[in-house]
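Numbering (the working numbering), first residue to last: 922 to 1211. Cβ atoms here follow ideal geometry from the backbone N, Cα and C, with glycine treated the same way. Model, not experiment: these values are computed from the prediction.
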């Protein structure tokens, strides 16, 4: 089945540098935006494609105080919607302006469709490193699922390796409790990746709690995970119960063929020493004639 081609994305418009593209619009030197004007803040809705969920409250307060004193230096970017406007870029400035009690904010209206708006929202945050590892992984997933990127295309678009993109996406397999630790900065990207080596989710959560509580480094966590896997392997071997029926079948087969027999993973293995021994067993089975 042929893969659908992407519609005209922002990569065709601004190349590789989103920040420069946004700055050009803000400075009025791009044909993709209108001139700046003051818009009522109450008419501006949040960006539906904003991947950031966590915002530094202390940083917002500082920006809010600056806006009270000096106003907003750089306009936010919005697009028209059925009712009012939707934010494209400038969430921190919008939030801080609300905190400062401002009623209006300088804004530039841009003409982006949904695909372009999603791409700029996600890539802008990723390139500016404003996202937590989980938010970044979620952004990658959205770009792949909703915009049709392959992992290779996304890696090239972001200037990262394919392995980096793959490892980032694996973070979405973490239990929600562990994701919260990552989002809060209590677990690093490296620690989260290490935890993924634990197969049992309950054990993973417990190890995450231990890491946060004891402040384990990535190297210390790797050592603990490795020891845990070895201990679990020995435990499974010790507690593995033998099926009495299968044991009886094995004994019967070994007696009939006079050789070692194993039954596991729904397979029967019959051992032979050489060609002559193999022919002997095949004769007993009736596969060949004496």
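Close beta carbons around residue i, own chain, < 6 Å, minus the five adjacent residues each side
{"i": "residue 931", "result": "Low confidence applies to residue 931: its pLDDT is 44, below 50, so where it sits in the model is not reliable, and the reading given next is rough at best. Within the same chain, residue 931 has close Cβ partners 1037, 1040 and 1041."}
{"i": "residue 988", "result": "1017, 1018 and 1021"}
{"i": "residue 1098", "result": "1126"}
{"i": "residue 1070", "result": "1064"}
Residue i classed as buried or exposed, judged by whether at least 16 other C-beta atoms fall within 10 angstroms
{"i": "residue 1092", "result": "buried"}
{"i": "residue 1018", "result": "buried"}
{"i": "residue 1188", "result": "exposed"}
{"i": "residue 1125", "result": "buried"}
{"i": "residue 968", "result": "buried"}
{"i": "residue 985", "result": "buried"}
{"i": "residue 1086", "result": "buried"}
{"i": "residue 1165", "result": "exposed"}
{"i": "residue 916", "result": "Outside the modelled stretch of the chain, which goes from 922 to 1211, sits residue 916, for which no answer is possible."}
{"i": "residue 1208", "result": "exposed"}
{"i": "residue 1045", "result": "buried"}
{"i": "residue 1137", "result": "buried"}
{"i": "residue 923", "result": "A caution first: residue 923 carries a pLDDT of 36, below 50, which makes its placement in the model unreliable, though a value can still be read off. Per the 10 Å Cβ criterion, exposed."}
{"i": "residue 982", "result": "exposed"}
{"i": "residue 1055", "result": "buried"}
{"i": "residue 928", "result": "Since pLDDT at residue 928 reaches only 36, below the 50 mark, its modelled position is unreliable, and the value read off the structure follows with that caveat. Flag for residue 928 reads exposed."}
{"i": "residue 1011", "result": "buried"}
{"i": "residue 1108", "result": "buried"}
{"i": "residue 1205", "result": "exposed"}
{"i": "residue 1210", "result": "exposed"}
{"i": "residue 926", "result": "Its pLDDT being 33, under 50, residue 926 is placed unreliably in this model, and the value from its coordinates should be taken loosely. So residue 926 counts as exposed."}
Cβ-based neighbour list, residue i, same chain, cut-off 7 Å, excluding 5 preceding and 5 following
{"i": "residue 1143", "result": "1115"}
{"i": "residue 1057", "result": "1047 and 1089"}
{"i": "residue 965", "result": "999, 1005, 1006, 1008 and 1015"}
{"i": "residue 1213", "result": "Residue 1213 lies beyond the residue range present for the chain, which begins at 922 and ends at 1211; the question has no answer from this structure."}
{"i": "residue 970", "result": "1038, 1039, 1042 and 1043"}
{"i": "residue 909", "result": "Because the chain in this structure spans residues 922 to 1211, residue 909 falls outside the shown range and cannot be described."}
{"i": "residue 996", "result": "947, 957, 1027, 1028 and 1029"}
{"i": "residue 1096", "result": "1122, 1125 and 1126"}
Inter-residue CB distance, residue i and residue j (contact presumed, cutoff 8 Å)
{"i": "residue 1028", "j": "residue 957", "result": "7 Å"}
{"i": "residue 1139", "j": "residue 1106", "result": "Not confirmed; about 15 Å, so no contact."}
{"i": "residue 1113", "j": "residue 972", "result": "The Cβ separation is near 17 Å, so there is no contact."}
{"i": "residue 1094", "j": "residue 1079", "result": "Not quite, the Cβ-Cβ distance comes to about 20 Å (not below 8 Å), so this is no contact."}
Cβ-based neighbour list, residue i, same chain, cut-off 8 Å, excluding 5 preceding and 5 following
{"i": "residue 1025", "result": "959, 960, 961 and 962"}
{"i": "residue 1198", "result": "1180"}
{"i": "residue 1182", "result": "1171, 1174, 1175, 1189, 1190, 1191 and 1192"}
{"i": "residue 1131", "result": "1137 and 1145"}
{"i": "residue 1076", "result": "1082, 1083, 1085 and 1086"}
{"i": "residue 1149", "result": "1119, 1124 and 1128"}
{"i": "residue 1002", "result": "966"}
{"i": "residue 1202", "result": "1178, 1180, 1191 and 1193"}
{"i": "residue 1073", "result": "1083"}
- Query: For the segment 1085 to 1102 against the segment 1062 to 1073, are there 3 or more C-beta pairs whose distance is under 8 Å?
  - Reply: yes
- Message: Taking 8 Å as the cut-off, does the segment 1120 to 1130 touch the segment 990 to 1010 (at least 3 CB pairs, one atom from each stretch)?
- Response: no
- Report yes or no: do the segment 1193 to 1204 and the segment 1173 to 1180 share at least 3 C-beta pairs separated by less than 8 Å? yes
- Starting from the N-terminal side, write out each stretch of the beta strand (DSSP E) that is 3 residues or longer and does not extend beyond the segment 965 to 1019. 997 to 1001 and 1006 to 1010
- Task: Go through the segment 1035 to 1060 residue by residue and report every complete run of the alpha helix (DSSP H) that reaches 4 residues or more, in order.
- Result: 1035 to 1048
- Task: Write down every uninterrupted run of the alpha helix (DSSP H) in the segment 1091 to 1173 whose length is 4 residues or greater and which is fully enclosed by it, in chain order.
- Result: 1097 to 1104, 1110 to 1116, 1122 to 1135 and 1139 to 1160
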